[in-house]
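A.B. asks:
2 protein chains.
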Amino acid sequence: MRAAIYGGTGGPEVIRIEEVQRPVPGAGQVLVRVQAAGLNRADLLQRLGFYPAPSGAPANIPGLEFTGVAEELGEGVTAVEQGQRVFGITGGGAHAEFLVSHERLLVPVPQGLDTLQAAAVPESFITAYDALFNQAGVKPGEKVLVHAAGGGVGTALVQLARFAGCMVFTTTRTSRKLSRLAELGADVTIDSSQQDFAEVIAQQTHGTGVHVCIDFTGGSYLAQNLATLGINGRLVILGLLGGVKVPIDLETVLNKRLRIIATQLRGRPLEEKIAVTRQFADVVVPQIERGLLRSVIDRVFTLDHLPDAHRHMASNSGFGKIVISVEPGKQ
Amino acid sequence: MRAAIYGGTGGPEVIRIEEVQRPVPGAGQVLVRVQAAGLNRADLLQRLGFYPAPSGAPANIPGLEFTGVAEELGEGVTAVEQGQRVFGITGGGAHAEFLVSHERLLVPVPQGLDTLQAAAVPESFITAYDALFNQAGVKPGEKVLVHAAGGGVGTALVQLARFAGCMVFTTTRTSRKLSRLAELGADVTIDSSQQDFAEVIAQQTHGTGVHVCIDFTGGSYLAQNLATLGINGRLVILGLLGGVKVPIDLETVLNKRLRIIATQLRGRPLEEKIAVTRQFADVVVPQIERGLLRSVIDRVFTLDHLPDAHRHMASNSGFGKIVISVEPGKQ
Numbered sequence: 001m002r003a004a005i006y007g008g009t010g011g012p013e014v015i016r017i018e019e020v021q022r023p024v025p026g027a028g029q030v031l032v033r034v035q036a037a038g039l040n041r042a043d044l045l046q047r048l049g050f051y052p053a054p055s056g057a058p059a060n061i062p063g064l065e066f067t068g069v070a071e072e073l074g075e076g077v078t079a080v081e082q083g084q085r086v087f088g089i090t091g092g093g094a095h096a097e098f099l100v101s102h103e104r105l106l107v108p109v110p111q112g113l114d115t116l117q118a119a120a121v122p123e124s125f126i127t128a129y130d131a132l133f134n135q136a137g138v139k140p141g142e143k144v145l146v147h148a149a150g151g152g153v154g155t156a157l158v159q160l161a162r163f164a165g166c167m168v169f170t171t172t173r174t175s176r177k178l179s180r181l182a183e184l185g186a187d188v189t190i191d192s193s194q195q196d197f198a199e200v201i202a203q204q205t206h207g208t209g210v211h212v213c214i215d216f217t218g219g220s221y222l223a224q225n226l227a228t229l230g231i232n233g234r235l236v237i238l239g240l241l242g243g244v245k246v247p248i249d250l251e252t253v254l255n256k257r258l259r260i261i262a263t264q265l266r267g268r269p270l271e272e273k274i275a276v277t278r279q280f281a282d283v284v285v286p287q288i289e290r291g292l293l294r295s296v297i298d299r300v301f302t303l304d305h306l307p308d309a310h311r312h313m314a315s316n317s318g319f320g321k322i323v324i325s326v327e328p329g330k331q
Numbered sequence: 332m333r334a335a336i337y338g339g340t341g342g343p344e345v346i347r348i349e350e351v352q353r354p355v356p357g358a359g360q361v362l363v364r365v366q367a368a369g370l371n372r373a374d375l376l377q378r379l380g381f382y383p384a385p386s387g388a389p390a391n392i393p394g395l396e397f398t399g400v401a402e403e404l405g406e407g408v409t410a411v412e413q414g415q416r417v418f419g420i421t422g423g424g425a426h427a428e429f430l431v432s433h434e435r436l437l438v439p440v441p442q443g444l445d446t447l448q449a450a451a452v453p454e455s456f457i458t459a460y461d462a463l464f465n466q467a468g469v470k471p472g473e474k475v476l477v478h479a480a481g482g483g484v485g486t487a488l489v490q491l492a493r494f495a496g497c498m499v500f501t502t503t504r505t506s507r508k509l510s511r512l513a514e515l516g517a518d519v520t521i522d523s524s525q526q527d528f529a530e531v532i533a534q535q536t537h538g539t540g541v542h543v544c545i546d547f548t549g550g551s552y553l554a555q556n557l558a559t560l561g562i563n564g565r566l567v568i569l570g571l572l573g574g575v576k577v578p579i580d581l582e583t584v585l586n587k588r589l590r591i592i593a594t595q596l597r598g599r600p601l602e603e604k605i606a607v608t609r610q611f612a613d614v615v616v617p618q619i620e621r622g623l624l625r626s627v628i629d630r631v632f633t634l635d636h637l638p639d640a641h642r643h644m645a646s647n648s649g650f651g652k653i654v655i656s657v658e659p660g661k662q
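Going line by line, the protein sequences match chains A and B.
Take the first sequence: its position 279, counting from 1, is numbered 279 in my numbering, and each next residue is one higher.
Just add 331 to the spot in the second sequence (first one is 1) and you have my numbering.
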């Protein structure tokens with residue numbers, strides 16, 4: 001099969017498309033013929049050598065989410081039928097023509113959802129649902145701040161928070177994304193390259209702040225995030241794109257009785273990944289079927305153009321998900 | 332009535348015992364004749380000017396927990412009877428002959444518990460129960476690390492964690508407290524003035540660390556606390572005696588998917604204080620009655636000797652709670 005391979009660490013040029021051995025499904029596993037996959041920040045970090053694949057995932061083949069067709073069932077598989085359209089998350093290996101997955105990590109794709117749309121769903125919506133409801137315990141009516149709201153997870157967070165009855169504050173560093181965030185359901189859109197988001201939120205909330213903040217930057221926004229949270233506020237950290245080691249003012253944390261919750265999907269053990277996947281299948285996918293939530297596609301690249309997809313993601317110019325079309329002859 | 336008054340900020344010498352107006356119970360409130368009260372670190376911080384009383388509490392009268400007798404009932408009180416022995420927490424005012432409390436913040440004192448024992452219970456056991464079970468969500472079998480385990484809250488934490496089926500790791504900076512912690516139920520006792528607790532725990536747990544750490548120091552132990560937590564570990568910060576602004580390594584926090592939870596009782600609104608008080612009455616006090624949990628008394632001082640009690644607490648030489656006897660002629 002053809003697969004993307006990281007032939008070292010460095011820029012997008014280390015990515016090669018090679019012919020490699022097709023994986024074989026073990027007991028309880030399914031061989032999936034990948035039709036399309038999502039691109040994630042974690043893929044770029046892995047390429048740079050900062051984010052090695054967890055054990056059990058292909059070490060060199062990138063790709064953390066996919067949609068495809070169940071090609072071959074391993075021994076004892078009962079949850080998936082051969083030929084069924086399925087999508088889901090994986091610890092790696094989705095930027096290839098085939099991958100193997102535990103059957104319980106596969107979710108049937110709703111009929112009305114086409115392949116490219118489906119590829120843009122799993123990682124974003126599982127991460128966003130888990131962050132808002134399992135980690136932060138968001139309640140209807142609460143105020144939620146979403147940073148990098150124009151990204152893949154960001155566009156899912158905005159929709160899910162709004163769907164759950166929250167008032168949604170968003171930041172982006174690209175002014176032309178503001179109107180698109182408002183269309184998605186953001187109540188307040190802030191260009192954080194122009195304005196201090198903590199000041200804008202203090203004004204809009206009469207100083208009471210937000211209940212929940214979902215962050216991907218880590219260090220660079222930590223002080224402002226803690227400042228903008230109200231009493232009993234929760235900060236969920238999903239990434240550290242803005243720095244790792246920074247000072248923290250514990251007095252702010254204690255006086256407001258805050259919670260700082262760090263989480264990520266990829267490092268979790270199988271049983272936890274299955275648990276969030278089943279939750280996604282049970283409560284998120286039906287909303288996509290009903291048309292109440294949708295994946296936002298920025299651009300589609302073929303597998304051969306994966307290096308260009310990496311460059312495009314690094315430019316931060318897109319809005320929504322970057323999708324990699326894997327089927328030969330399709331774009 | 333006679334009451335302790337902070338006549339300024341500074342050393343124990345700013346404390347004066349004065350004759351002040353007895354408070355009057357409003358609707359839903361009870362006038363309590365205080366028999367004895369606990370002394371807490373927060374009283375020392377308030378004396379130094381770092382921890383002002385919350386609104387609604389007497390601004391200058393210290394004392395955050397008490398046991399006494401319901402002397403007079405305000406309008407509409409139904410939860411407490413006149414003459415009933417009651418104990419509980421308050422935002423301030425317990426180091427005085429009388430205080431007023433909302434009726435729902437008062438808990439009947441079990442028959443077998445004498446006045447001095449009762450005075451040592453509320454703040455420690457409410458704080459400890461809330462930290463372990465409401466904040467950290469401790470489960471039976473988990474490993475729990477308690478710092479400053481020889482203090483009032485510490486001795487309650489050790490007993491409660493052990494009672495709940497946890498394996499209890501403790502630190503103290505005073506070697507002669509080690510055996511007393513073992514008697515209280517600590518499985519592992521570490522003299523943190525002599526040993527790096529994170530190293531000892533790494534060895535004892537074969538590198539897997541603890542599930543929960545309850546901390547009062549904040550800054551000085553932050554890096555070691557994060558290092559000693561295992562995957563999905565929870566750090567509960569109850570105080571900042573060891574520093575406020577320190578660097579935090581967010582990579583450790585994210586890689587292990589940790590939660591940092593800061594909490595304190597005194598700043599909470601009435602309804603939250605009532606909620607934890609009712610939980611204490613419902614599930615902790617019965618264990619004290621059964622003799623399965625007990626307050627540990629270090630020393631008893633009369634109200635007139637409150638400055639000496641402050642000096643004794645600051646010396647860190649005691650083990651368990653310092654109690655202030657308020658009844659005239661009793662010691």
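We put the beta carbon where it would ideally sit given N, CA and C, even for glycine.
Please read these numbers as outputs of a predicted model, since none were measured by experiment.
Does the beta-carbon of Glu123/A have 16 or more other beta-carbons within 10 angstroms, so that it is buried, or is it exposed?
C.D. replies: Under this definition Glu123/A is a buried residue.
A.B. asks: Kindly identify the DSSP beta-bridge partner or partners of Gly369/B.
C.D. replies: Val654/B
A.B. asks: Output the distance between the C-alpha atoms of Gly219/A and Gln287/A, rounded to the nearest integer angstrom.
C.D. replies: 34 Å
A.B. asks: Look up Arg47/A in the DSSP assignment and say whether it is helix, strand or coil.
C.D. replies: helix
A.B. asks: Any Cβ of chain B within less than 8 Å of the Cβ of Val210/A?
C.D. replies: By this cut-off, Val210/A is not an interface position.
A.B. asks: Interface residues of chain B around Ala27/A at Cβ under 7 Å?
C.D. replies: The premise fails here: Ala27/A is roughly 27 Å from chain B at the closest Cβ pair, so nothing lies under 7 Å.
A.B. asks: From what residue to what residue does the beta strand (DSSP E) around Thr398/B run?
C.D. replies: Glu396 to Leu404
A.B. asks: Roughly how many angstroms lie between the CA atoms of His641/B and Val283/A, to the nearest whole one?
C.D. replies: 56 Å
A.B. asks: Would you say the segment 573 to 590 of chain B touches the segment 258 to 273 of chain A, given that touching needs at least three Cβ pairs under 8 Å?
C.D. replies: yes
A.B. asks: Just tell me which of Pro62/A, Gly91/A, Gly28/A and Asp196/A has its CA closest to the CA of Thr9/A.
C.D. replies: Pro62/A
A.B. asks: For the segment 22 to 31 of chain A against the segment 66 to 79 of chain A, are there 3 or more C-beta pairs whose distance is under 8 Å?
C.D. replies: yes
A.B. asks: What do you reckon, are the CB atoms on Thr171/A and Phe197/A nearer than 8 Å?
C.D. replies: yes
A.B. asks: Do Val431/B and Thr398/B have their CB atoms nearer than 8 Å?
C.D. replies: no
A.B. asks: I'd like to know whether the C-beta atoms of Leu571/B and Leu250/A end up nearer to each other than 8 Å.
C.D. replies: yes
A.B. asks: Grouping DSSP H, G and I as helix and E and B as strand, with all else coil, what is Thr171/A?
C.D. replies: Reduced to three states, the DSSP call for Thr171/A is strand.
A.B. asks: Around the Cβ of Asp445/B, are there at least 16 other Cβ atoms within 10 angstroms (buried) or fewer (exposed)?
C.D. replies: exposed
A.B. asks: Does the distance from the C-beta atom of Leu64/A to that of Ile324/A stay below 8 Å?
C.D. replies: no
A.B. asks: I want to verify the contact list: residues of chain A whose CB lies under 7 Å from the CB of Glu582/B, in sequence order.
C.D. replies: Leu240 and Val244
A.B. asks: Going by the CB atoms, is the gap between Ala384/B and Gly422/B shorter than 8 Å?
C.D. replies: In this structure, Ala384/B lies closer than 8 Å to Gly422/B by Cβ.
A.B. asks: With Glu289/A as the anchor, note down where its alpha helix (DSSP H) starts and where it stops.
C.D. replies: Val285 to Glu289
A.B. asks: Take Leu270/A and list the residues in its own chain whose beta-carbon comes closer than 7 Å to its own, dropping the five residues that flank it on each side.
C.D. replies: His102
A.B. asks: Around the C-beta of Ser295/A, are 16 or more other C-beta atoms found within 10 angstroms, so that it is buried, or is it exposed?
C.D. replies: buried
A.B. asks: Which residues in chain A sit within 7 Å of Gln585/B, going by Cβ to Cβ distance?
C.D. replies: Just to set this straight, residue 585/B is Leu in the shown sequence, not Gln. Ordered by position in chain A, the residues that pass the 7 Å Cβ test against Leu585/B are Ile237, Leu240, Ala262 and Gln264.
A.B. asks: Please confirm whether Pro385/B has its beta-carbon closer than 8 Å to some beta-carbon of chain A.
C.D. replies: Under the Cβ criterion of 8 Å, Pro385/B is not counted among the residues facing chain A.
A.B. asks: Between Gly564/B and chain A, is any beta-carbon pair separated by less than 8 Å?
C.D. replies: no
A.B. asks: Which one of Leu463/B, Lys470/B and Lys576/B has the shortest CA to CA distance from Val477/B?
C.D. replies: Leu463/B
A.B. asks: Counting only Cβ pairs nearer than 7 Å, list the residues of chain B close to Arg41/A.
C.D. replies: Going along chain B, no residue has its Cβ under 7 Å from Arg41/A, so there is no contact; the nearest lies around 13 Å.
A.B. asks: State the Cα-Cα distance for the pair Gln203/A and Phe632/B, rounded to the nearest angstrom.
C.D. replies: Straight-line measurement puts the Cα of Phe632/B at about 50 Å from the Cα of Gln203/A.
A.B. asks: Mind reading off the beta-carbon distance from Arg333/B to Leu634/B? Whole number of angstroms is fine, and I expect it under 8 Å.
C.D. replies: 7 Å between Cβ atoms; contact.
A.B. asks: Along the chain, where does the alpha helix (DSSP H) containing Lys474/B start, and where does it finish?
C.D. replies: Per DSSP, Lys474/B belongs to no alpha helix (DSSP H); it is in the beta strand (DSSP E), Lys474 to Val477.
A.B. asks: How would you label Pro578/B, buried or exposed, when you count the other beta carbons within 10 angstroms and need 16 or more for buried?
C.D. replies: exposed
A.B. asks: Could you tell me the boundaries of the alpha helix (DSSP H) in which Val200/A lies?
C.D. replies: Phe197 to Gln204
A.B. asks: Run through chain B and tell me which residues come within less than 8 Å of Arg257/A, C-beta to C-beta.
C.D. replies: Ala593, Thr594, Gln595, Gly598 and Arg599
A.B. asks: Taking the alpha carbon of Gln525/B as the reference point, which residue from Arg504/B, His542/B and Ser646/B has its own alpha carbon closest?
C.D. replies: Arg504/B
A.B. asks: Please say whether Thr608/B and Leu436/B have beta carbons closer to each other than 8 Å?
C.D. replies: yes
A.B. asks: Check for me: the beta strand (DSSP E) holding Leu181/A runs from which residue to which?
C.D. replies: Looking at the DSSP string, Leu181/A is not in any beta strand (DSSP E); the run it does join, the alpha helix (DSSP H), is Leu178 to Leu184.
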